Every structure is written in C-alpha cells, then in structure tokens.
Amino acid sequence: MVRDALFNILGGRLDLAGARVLDLFAGSGALGLEALRRGASFAVFVERDHALADAIRARGQRAQWTDRIEVWRRDAVPAVHELARRSRTFDLIVLDPPYGGQWIPKVLRAIVADGILAPGGIVVAEGHWRDRPDAAGLVLVREARYGETVLWFFAQEKEGG
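Numbering-wise (numbering that gives the first Met the number 0), the sequence shown opens with residue 0 and increments by one.
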C-alpha cells in the first residue's frame, strides 16, 4: 500500500520516464525496481546485506534489466559520498532505513552536501511517524501518513530564497 501511494504521489511531481533513481537501504529493491517498471532509465541500489543485494541483482536479471541497474553492497552515507566523487546525480532518491536509527537526517545531509540530487529531483524518505526528520537543506513538499509509517517528500530549495 505504501509503495503504491508513493508512486501515485510522485506521478504528479516527477516524470519517471528516463529518470535516474537511487534506492538507499534498498532491502528487496522494491522501490527502485518499481521505478524501473514505471519507466525510469537507470537505478542504483545500495544495500549492506549481501543476500539482499544478491536478490536485487537476480530480480534485475529476471526482468532483463542488467544494463539498467547497479547494486552496491555498502552503507548508505559512504555510498552517497562515492556517487558524488563519480559526479553521479539522481532525479529520484528513495530511502527506507531501519526505524529509530536517525538515518534519514544523516542521509539527507549527505545528499545535500554532496549535491547528488539533480535539479528538479525529489527525495522520498519512509519512516516511523515519530521520527519526522529535519529537512537538512531541502524543502519538505509533502507528508503522507499510513498508520505508523510516513512518507516525506523533499525537493531542493529554490535559488535566491
């Protein structure tokens, strides 16, 4: 339900056709794979767990998307730094970290500091409603609650204010 809601909300804000997607704390890869299914051109999945990373690769192979995905087995913040060093930017960045670890503000700060969100891009963070993050240099453009879970949609601040 939350995944469908995320993409329904995104539909009015971001054209996924040709989008470059970064799926942090990818888990099963469901969010990034759904973005590819909906027309994104490319996705990078960052997942620390070896078995989950392998499962994402396997799903990509089954969908015949091996040329459209990269799977990185590492922690999210170092991955953001490395993507920035490689001058990579993304139109959509999704993150669904473990609840309660204060990961969202850390990752948002890294995304802003490293400049990996493309102009006009959106960051979507999923978390527990009690863990509402500071926007960390981004603008909170939408918040949607589903039981205990909340989706926070962030965009870049407009230049000049």
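Using N, Cα and C, we set each Cβ at its ideal position, and we do this for glycine too. Computed from a predicted model, the values in this text were never measured in an experiment.
### Task
Grab me the residues of S40's own chain with a C-beta within less than 7 Å of its C-beta, minus the 5 sequence neighbours each way, in chain order.
Within the sequence shown, the letter at position 41 stands for residue 40. Excluding positions up to five away in sequence, the list reads G17, A18, R19 and R67.
### Query
What do you reckon, are the CB atoms on A25 and F6 nearer than 7 Å?
Mapped onto the sequence shown, residue 25 falls at position 26. Mapped onto the sequence shown, residue 6 falls at position 7. Cβ distance not < 7 Å, so A25 and F6 don't count as in contact.
### Query
Where does D133 fall in DSSP's three states?
Within the sequence shown, residue 133 is the residue found at index 134, counting from 1. Assigned with DSSP and collapsed to three states, D133 falls in coil, not helix or strand.
### Task
For the beta strand (DSSP E) holding L23, just list the boundary residues, first then last.
Residue mapping note: residue 23 aligns to position 24 of the sequence shown, counting from 1. Element bounds for L23: R19 to L23.
### Task
Ignoring anything shorter than 4 residues or poking outside the stretch 8 to 79, list the alpha helix (DSSP H) runs there in chain order.
29 to 36 and 49 to 61
### Query
Where G100 and R47 are concerned, what is the direct C-alpha to C-alpha distance, given to the nearest angstrom?
Locating residue 100 in the sequence shown gives position 101, counting from the first residue. Locating residue 47 in the sequence shown gives position 48, counting from the first residue. Those two C-alpha atoms are separated by around 15 Å.
### Rounded Cβ spacing between A109 and V76 (contact assumed at less than 8 Å)
Along the sequence shown, read from residue 1 onward, the residue named residue 109 stands at position 110. Along the sequence shown, read from residue 1 onward, the residue named residue 76 stands at position 77. Contact between A109 and V76 holds, since their C-beta atoms are separated by about 5 Å, short of 8 Å.
### Query
Does the distance from the C-beta atom of L94 to that of A135 stay below 7 Å?
For the purposes of this step, residue 94 is taken as the residue at position 95 of the sequence shown. For the purposes of this step, residue 135 is taken as the residue at position 136 of the sequence shown. No, the Cβ-Cβ distance between L94 and A135 is not below 7 Å.
### Query
Expressed to the nearest angstrom, what Euclidean distance is found between the alpha-carbon atoms of V122 and Q63?
By 1-based counting over the sequence shown, the position of residue 122 is 123. By 1-based counting over the sequence shown, the position of residue 63 is 64. Rounded to whole angstroms, V122 to Q63 spans 26 Å at the Cα level.
### Query
For I103, which residues of its own chain have a beta-carbon under 6 Å away from its beta-carbon, when the five flanking residues on both sides are left out?
Translated into positions along the sequence shown, residue 103 becomes position 104. Around I103: A124, G126 and P132.
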